[in-house]
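Worksheet: the structure to be examined is printed underneath.
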Amino acid sequence: MHGGRSVLASAAALWAAGSAVCAQPAPTSPQDRAREAAAMITAAGFRIQGNQILNGCGRPAQPRPTAVDMNGDGRPEAVIVDVDPACYGPAGQQFWVIQKQGQFAWSLVGAGQGRIRLLETRTAGWRDYTLDGPGCQRTWTYQGAQGYLSLKACPGEGGAAAPAPAAGGSAADRAAAFRAAGFAPTRGRYLACDKSQELAIEVRDLNGDGRPDAIITDSGTECFGNTGQGWVLVTKDASGGWRKLYDSQGIPDFLPTKGAGGWPDVVNGGPGFCFPVLRWNGADYAIVRWKAEQPGACAGRR
(Lines of atoms letter the chains of each structure in order from A and count residues from 1; the text may use other names and numbers.)
(Lines give C-alpha, C1' and ligand atoms only; values in the text may rest on other atoms or scores of the structure.)
Protein backbone atom coordinates (compact mmCIF):
# COMPACT_ATOMS: atom_id res chain seq x y z
CA MET A 1 0.00 0.00 0.00
CA HIS A 2 1.45 3.36 -1.06
CA GLY A 3 2.35 5.25 2.12
CA GLY A 4 0.25 2.83 4.20
CA ARG A 5 -2.90 4.88 3.60
CA SER A 6 -6.05 2.88 2.91
CA VAL A 7 -8.69 3.79 0.38
CA LEU A 8 -11.17 4.25 3.22
CA ALA A 9 -8.92 6.79 4.97
CA SER A 10 -8.41 8.72 1.74
CA ALA A 11 -12.13 8.53 1.08
CA ALA A 12 -12.92 9.90 4.52
CA ALA A 13 -10.61 12.87 3.96
CA LEU A 14 -12.18 13.60 0.57
CA TRP A 15 -15.68 13.33 1.95
CA ALA A 16 -14.77 15.65 4.83
CA ALA A 17 -13.50 18.25 2.34
CA GLY A 18 -16.80 18.14 0.51
CA SER A 19 -19.02 18.20 3.56
CA ALA A 20 -17.10 21.04 5.25
CA VAL A 21 -18.94 23.68 3.24
CA CYS A 22 -21.99 21.66 2.29
CA ALA A 23 -25.32 23.42 2.84
CA GLN A 24 -27.12 20.07 3.05
CA PRO A 25 -26.87 17.51 5.86
CA ALA A 26 -23.70 15.49 5.42
CA PRO A 27 -23.92 11.72 4.94
CA THR A 28 -23.28 9.95 8.22
CA SER A 29 -23.04 6.25 7.43
CA PRO A 30 -19.68 4.78 6.33
CA GLN A 31 -21.33 3.55 3.14
CA ASP A 32 -22.63 7.00 2.20
CA ARG A 33 -19.30 8.65 3.05
CA ALA A 34 -17.55 6.12 0.82
CA ARG A 35 -20.01 6.82 -2.02
CA GLU A 36 -19.47 10.57 -1.67
CA ALA A 37 -15.71 10.10 -1.68
CA ALA A 38 -15.85 7.79 -4.69
CA ALA A 39 -17.79 10.43 -6.61
CA MET A 40 -15.09 13.01 -5.78
CA ILE A 41 -12.29 10.62 -6.75
CA THR A 42 -13.95 9.78 -10.06
CA ALA A 43 -14.62 13.43 -10.91
CA ALA A 44 -10.92 14.20 -10.40
CA GLY A 45 -9.87 11.34 -12.67
CA PHE A 46 -8.70 8.85 -10.04
CA ARG A 47 -9.85 5.25 -9.86
CA ILE A 48 -9.98 2.65 -7.14
CA GLN A 49 -8.37 -0.71 -7.83
CA GLY A 50 -8.40 -3.24 -5.07
CA ASN A 51 -7.14 -1.44 -1.99
CA GLN A 52 -5.47 1.46 -3.78
CA ILE A 53 -6.36 4.81 -5.31
CA LEU A 54 -4.63 5.17 -8.69
CA ASN A 55 -3.91 8.40 -10.56
CA GLY A 56 -4.08 8.92 -14.32
CA CYS A 57 -0.68 7.26 -14.78
CA GLY A 58 -1.92 4.13 -13.02
CA ARG A 59 0.27 4.82 -9.99
CA PRO A 60 -0.81 4.62 -6.31
CA ALA A 61 -1.90 8.09 -5.17
CA GLN A 62 -2.62 10.00 -1.99
CA PRO A 63 -4.97 12.76 -3.16
CA ARG A 64 -5.16 15.69 -0.73
CA PRO A 65 -8.43 17.65 -0.72
CA THR A 66 -9.12 21.21 0.40
CA ALA A 67 -12.62 22.63 0.66
CA VAL A 68 -13.03 25.97 -1.13
CA ASP A 69 -16.26 27.78 -1.99
CA MET A 70 -15.01 28.95 -5.38
CA ASN A 71 -18.17 30.76 -6.51
CA GLY A 72 -19.45 32.11 -3.18
CA ASP A 73 -22.80 30.33 -3.39
CA GLY A 74 -22.46 28.46 -0.08
CA ARG A 75 -22.22 25.09 -1.82
CA PRO A 76 -19.02 23.07 -1.83
CA GLU A 77 -16.22 22.98 -4.31
CA ALA A 78 -12.98 21.15 -3.57
CA VAL A 79 -9.41 21.42 -4.80
CA ILE A 80 -7.71 18.02 -4.90
CA VAL A 81 -3.92 17.77 -5.20
CA ASP A 82 -1.79 14.74 -6.07
CA VAL A 83 2.03 14.83 -5.85
CA ASP A 84 3.86 12.39 -8.14
CA PRO A 85 6.96 13.61 -10.05
CA ALA A 86 7.00 10.42 -12.13
CA CYS A 87 3.50 11.18 -13.43
CA TYR A 88 3.25 14.97 -13.63
CA GLY A 89 6.51 15.93 -15.28
CA PRO A 90 8.57 18.96 -14.19
CA ALA A 91 5.72 20.36 -12.08
CA GLY A 92 5.69 17.20 -9.97
CA GLN A 93 2.05 17.62 -8.98
CA GLN A 94 -1.41 18.18 -10.40
CA PHE A 95 -4.61 19.72 -9.07
CA TRP A 96 -8.30 19.35 -9.90
CA VAL A 97 -11.15 21.73 -9.07
CA ILE A 98 -14.43 19.85 -8.66
CA GLN A 99 -17.95 21.11 -8.05
CA LYS A 100 -20.73 19.35 -6.14
CA GLN A 101 -23.82 18.74 -8.29
CA GLY A 102 -25.87 16.79 -5.75
CA GLN A 103 -25.61 13.86 -3.40
CA PHE A 104 -22.87 11.52 -4.63
CA ALA A 105 -22.40 13.68 -7.74
CA TRP A 106 -19.38 15.91 -8.53
CA SER A 107 -18.06 17.35 -11.80
CA LEU A 108 -14.67 18.62 -12.93
CA VAL A 109 -14.46 22.36 -13.66
CA GLY A 110 -10.69 22.94 -13.71
CA ALA A 111 -7.35 21.14 -13.64
CA GLY A 112 -3.67 21.80 -14.20
CA GLN A 113 -0.14 20.68 -13.48
CA GLY A 114 1.66 22.74 -10.83
CA ARG A 115 0.63 24.45 -7.60
CA ILE A 116 -2.63 26.38 -7.77
CA ARG A 117 -2.79 29.90 -6.30
CA LEU A 118 -6.26 31.38 -5.88
CA LEU A 119 -6.71 35.06 -6.73
CA GLU A 120 -9.08 37.62 -5.25
CA THR A 121 -10.46 38.51 -8.69
CA ARG A 122 -13.52 36.72 -10.04
CA THR A 123 -15.03 35.86 -13.42
CA ALA A 124 -18.76 35.06 -13.62
CA GLY A 125 -18.69 34.93 -9.82
CA TRP A 126 -15.93 32.30 -9.68
CA ARG A 127 -12.49 32.96 -8.23
CA ASP A 128 -9.70 33.19 -10.79
CA TYR A 129 -6.49 31.27 -10.22
CA THR A 130 -2.91 31.10 -11.44
CA LEU A 131 0.07 28.83 -10.75
CA ASP A 132 2.87 29.49 -8.29
CA GLY A 133 6.30 29.77 -9.87
CA PRO A 134 8.72 32.10 -11.63
CA GLY A 135 8.14 33.89 -14.90
CA CYS A 136 4.89 34.89 -16.56
CA GLN A 137 1.77 34.13 -14.54
CA ARG A 138 -1.13 33.02 -16.74
CA THR A 139 -4.62 33.39 -15.26
CA TRP A 140 -7.38 30.81 -15.49
CA THR A 141 -10.96 32.13 -15.48
CA TYR A 142 -14.31 30.39 -15.28
CA GLN A 143 -15.98 30.12 -18.70
CA GLY A 144 -19.31 28.49 -17.93
CA ALA A 145 -19.86 25.06 -19.50
CA GLN A 146 -16.20 24.92 -20.56
CA GLY A 147 -15.02 25.28 -16.95
CA TYR A 148 -11.75 27.07 -16.29
CA LEU A 149 -9.71 28.20 -19.29
CA SER A 150 -6.60 30.32 -19.75
CA LEU A 151 -7.59 32.74 -22.52
CA LYS A 152 -4.41 34.83 -22.63
CA ALA A 153 -0.96 33.45 -23.36
CA CYS A 154 2.29 34.73 -21.88
CA PRO A 155 4.68 36.87 -23.95
CA GLY A 156 6.58 34.69 -26.39
CA GLU A 157 3.82 32.08 -26.66
CA GLY A 158 2.71 33.35 -30.03
CA GLY A 159 -0.03 35.81 -29.09
CA ALA A 160 -3.00 35.88 -26.78
CA ALA A 161 -4.84 33.06 -28.51
CA ALA A 162 -1.86 30.80 -29.24
CA PRO A 163 -1.78 27.39 -27.54
CA ALA A 164 0.63 27.20 -24.63
CA PRO A 165 3.06 24.39 -23.81
CA ALA A 166 1.77 21.89 -21.27
CA ALA A 167 3.64 21.32 -18.05
CA GLY A 168 3.43 17.57 -18.54
CA GLY A 169 4.92 15.25 -21.07
CA SER A 170 5.96 12.48 -18.68
CA ALA A 171 7.03 9.10 -20.04
CA ALA A 172 3.75 7.65 -18.79
CA ASP A 173 1.74 10.33 -20.61
CA ARG A 174 3.65 9.79 -23.85
CA ALA A 175 3.14 6.03 -23.73
CA ALA A 176 -0.58 6.47 -22.97
CA ALA A 177 -0.88 8.98 -25.83
CA PHE A 178 0.71 6.53 -28.28
CA ARG A 179 -1.69 3.80 -27.19
CA ALA A 180 -4.71 6.13 -27.55
CA ALA A 181 -3.54 6.97 -31.07
CA GLY A 182 -3.61 3.26 -31.89
CA PHE A 183 0.13 2.54 -31.88
CA ALA A 184 1.91 -0.26 -30.06
CA PRO A 185 5.68 -0.59 -29.58
CA THR A 186 7.46 -2.68 -32.23
CA ARG A 187 10.92 -3.86 -31.26
CA GLY A 188 11.03 -1.08 -28.69
CA ARG A 189 9.91 1.65 -31.11
CA TYR A 190 6.50 3.13 -31.89
CA LEU A 191 5.75 2.90 -35.61
CA ALA A 192 2.78 3.90 -37.76
CA CYS A 193 3.48 1.14 -40.27
CA ASP A 194 6.25 -1.39 -40.86
CA LYS A 195 8.43 0.88 -43.00
CA SER A 196 7.77 4.21 -41.29
CA GLN A 197 10.24 6.20 -39.29
CA GLU A 198 9.90 6.34 -35.52
CA LEU A 199 6.97 8.43 -34.35
CA ALA A 200 7.55 11.92 -32.98
CA ILE A 201 5.39 13.37 -30.23
CA GLU A 202 4.85 16.90 -28.94
CA VAL A 203 2.90 17.37 -25.71
CA ARG A 204 1.11 20.73 -25.34
CA ASP A 205 -2.06 22.17 -23.83
CA LEU A 206 -3.65 23.04 -27.16
CA ASN A 207 -7.12 24.09 -25.99
CA GLY A 208 -6.16 25.82 -22.73
CA ASP A 209 -8.07 23.48 -20.41
CA GLY A 210 -5.06 22.77 -18.19
CA ARG A 211 -4.73 19.17 -19.40
CA PRO A 212 -2.09 17.89 -21.85
CA ASP A 213 -2.75 17.09 -25.48
CA ALA A 214 -0.33 15.41 -27.88
CA ILE A 215 0.44 15.78 -31.58
CA ILE A 216 1.95 12.54 -32.91
CA THR A 217 3.59 12.70 -36.33
CA ASP A 218 5.29 10.19 -38.61
CA SER A 219 6.84 10.36 -42.06
CA GLY A 220 7.47 7.99 -44.95
CA THR A 221 6.12 7.82 -48.49
CA GLU A 222 5.34 4.10 -48.20
CA CYS A 223 2.94 4.93 -45.37
CA PHE A 224 1.61 8.31 -46.45
CA GLY A 225 2.10 8.52 -50.22
CA ASN A 226 3.12 11.80 -51.82
CA THR A 227 2.18 13.72 -48.68
CA GLY A 228 5.00 11.94 -46.87
CA GLN A 229 3.61 12.56 -43.37
CA GLY A 230 0.67 11.78 -41.14
CA TRP A 231 -0.45 13.05 -37.75
CA VAL A 232 -2.75 12.12 -34.89
CA LEU A 233 -4.13 14.46 -32.25
CA VAL A 234 -4.94 12.89 -28.88
CA THR A 235 -6.15 14.52 -25.68
CA LYS A 236 -6.20 13.70 -21.99
CA ASP A 237 -9.75 13.96 -20.68
CA ALA A 238 -11.10 14.77 -17.22
CA SER A 239 -10.97 11.13 -16.14
CA GLY A 240 -7.21 11.03 -16.70
CA GLY A 241 -7.46 8.78 -19.75
CA TRP A 242 -6.27 9.59 -23.26
CA ARG A 243 -8.46 9.49 -26.38
CA LYS A 244 -7.96 10.15 -30.08
CA LEU A 245 -9.50 13.39 -31.33
CA TYR A 246 -8.41 13.41 -34.99
CA ASP A 247 -5.99 11.82 -37.47
CA SER A 248 -5.02 12.64 -41.04
CA GLN A 249 -2.32 12.53 -43.65
CA GLY A 250 -0.59 15.88 -43.92
CA ILE A 251 1.63 18.31 -42.05
CA PRO A 252 -0.25 20.20 -39.32
CA ASP A 253 0.28 23.90 -38.68
CA PHE A 254 -1.71 25.09 -35.66
CA LEU A 255 -3.12 28.63 -35.89
CA PRO A 256 -4.04 31.19 -33.21
CA THR A 257 -7.70 31.18 -34.33
CA LYS A 258 -9.94 28.71 -32.51
CA GLY A 259 -13.02 26.56 -32.91
CA ALA A 260 -15.32 24.89 -30.42
CA GLY A 261 -13.89 24.18 -26.97
CA GLY A 262 -10.85 26.37 -27.57
CA TRP A 263 -9.27 23.96 -30.08
CA PRO A 264 -6.98 25.76 -32.54
CA ASP A 265 -7.58 25.80 -36.27
CA VAL A 266 -5.12 23.72 -38.31
CA VAL A 267 -3.64 24.20 -41.77
CA ASN A 268 -3.19 20.66 -43.10
CA GLY A 269 -0.18 21.02 -45.38
CA GLY A 270 1.36 18.78 -47.99
CA PRO A 271 2.31 18.83 -51.68
CA GLY A 272 1.03 21.72 -53.76
CA PHE A 273 0.11 25.33 -53.02
CA CYS A 274 -3.48 25.15 -51.71
CA PHE A 275 -4.19 23.69 -48.28
CA PRO A 276 -7.36 23.16 -46.23
CA VAL A 277 -7.84 25.03 -42.96
CA LEU A 278 -9.60 22.76 -40.47
CA ARG A 279 -11.72 23.87 -37.50
CA TRP A 280 -13.00 21.75 -34.60
CA ASN A 281 -16.82 21.84 -34.57
CA GLY A 282 -17.31 19.86 -31.38
CA ALA A 283 -17.31 16.49 -33.12
CA ASP A 284 -14.68 16.64 -35.87
CA TYR A 285 -12.12 18.83 -37.62
CA ALA A 286 -13.85 20.09 -40.78
CA ILE A 287 -12.69 22.35 -43.62
CA VAL A 288 -13.73 25.99 -43.10
CA ARG A 289 -11.60 27.64 -45.79
CA TRP A 290 -8.54 27.18 -48.00
CA LYS A 291 -5.10 28.77 -47.70
CA ALA A 292 -3.27 29.66 -50.92
CA GLU A 293 0.53 29.69 -50.86
CA GLN A 294 0.57 31.64 -54.13
CA PRO A 295 -2.05 33.76 -55.90
CA GLY A 296 -4.78 31.73 -57.59
CA ALA A 297 -3.69 28.43 -56.09
CA CYS A 298 -7.10 27.88 -54.49
CA ALA A 299 -9.21 29.15 -57.41
CA GLY A 300 -12.52 27.33 -57.46
CA ARG A 301 -12.26 26.24 -53.84
CA ARG A 302 -14.84 27.36 -51.29
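Be aware that the sequence shown starts at 1280, since it is given in the working numbering, and climbs by one per residue. Yeah, the Cβ is synthetic: ideal placement off N, Cα and C, and Gly gets one too. Note that this is a predicted model, so its numbers are computed, not measured.
- For a cut-off of 8 Å, the C-beta gap from Asp1544 to Gly1538 is around 6 Å, short enough to register as a contact.
- By the beta-carbon neighbour count (other beta carbons within 10 angstroms, threshold 16), Ser1386 is exposed.
- Gly1335 has its alpha-carbon roughly 6 Å from the corresponding atom of Phe1325.
- In this structure, Gly1548 lies away from Asp1526, with their beta-carbon atoms at least 7 Å apart.
- The shortest CA-to-CA distance from Asn1330 to any of Ala1322, Thr1321, Ala1323, Ala1340 is the one to Ala1340.
- Residues of the same chain with a CB within less than 7 Å of the CB of Tyr1408, apart from the 5 flanking positions on each side, are Ile1395, Arg1396, Leu1397, Leu1398, Trp1419 in chain order.
- Bounds of the beta strand (DSSP E) holding Ala1493 are 1492-1498.
- Take Phe1374, set aside five residues on each side of it, and the residues of its chain with a beta-carbon closer than 7 Å to its own are Val1358, Ile1359, Val1360, Ala1390, Gly1391, Ile1395, in chain order.
- Comparing alpha-carbon positions, the option among Gly1509, Ala1451, Arg1568, Val1388 lying closest to Trp1521 turns out to be Ala1451.
- Partner residues in the beta bridge of Tyr1427, as assigned by DSSP, are Tyr1421.
- In chain order, Phe1325, Arg1326, Pro1339, Ala1340 place their CB closer than 7 Å to the CB of Leu1333, counting only its own chain and leaving out the 5 sequence neighbours on each side.
- Lys1570 and Arg1458 have their C-alpha atoms roughly 32 Å apart.
- Considering only Arg1483, Arg1558, Gln1528, Gly1337, the residue with the shortest C-alpha distance to Gly1540 is Arg1558.
- For Glu1315, the uninterrupted alpha helix (DSSP H) segment begins and ends at 1309-1322.
- Taking C-beta separations shorter than 7 Å and ignoring five residues to either side along the sequence, Gly1337 has no partners in its chain.
- By alpha-carbon distance to Arg1312, the top candidate from Gln1382, Val1482, Cys1366 is Gln1382.
- Of all alpha-carbon atoms in Lys1379, Gly1371, Ala1365, the one lying nearest the alpha-carbon of Arg1354 is that of Lys1379.
- When the beta-carbon positions are compared, Val1511 and Ile1495 come within less than 7 Å of each other.
- Counting only residues of its own chain and dropping the five nearest sequence neighbours on each side, Gly1371 has a CB closer than 6 Å to the CB of Pro1364.
- Annotation note: the stretch 1325-1381 contains no uninterrupted alpha helix (DSSP H) run of length 4 or greater.
- Annotation: the stretch 1525-1566 contains the following complete segments of the beta strand (DSSP E) (minimum length 3 residues), in chain order: 1530-1537, 1543-1548, 1553-1559.
- Rounded to the nearest whole angstrom, the C-alpha separation of Arg1453 and Ser1498 is 19 Å.
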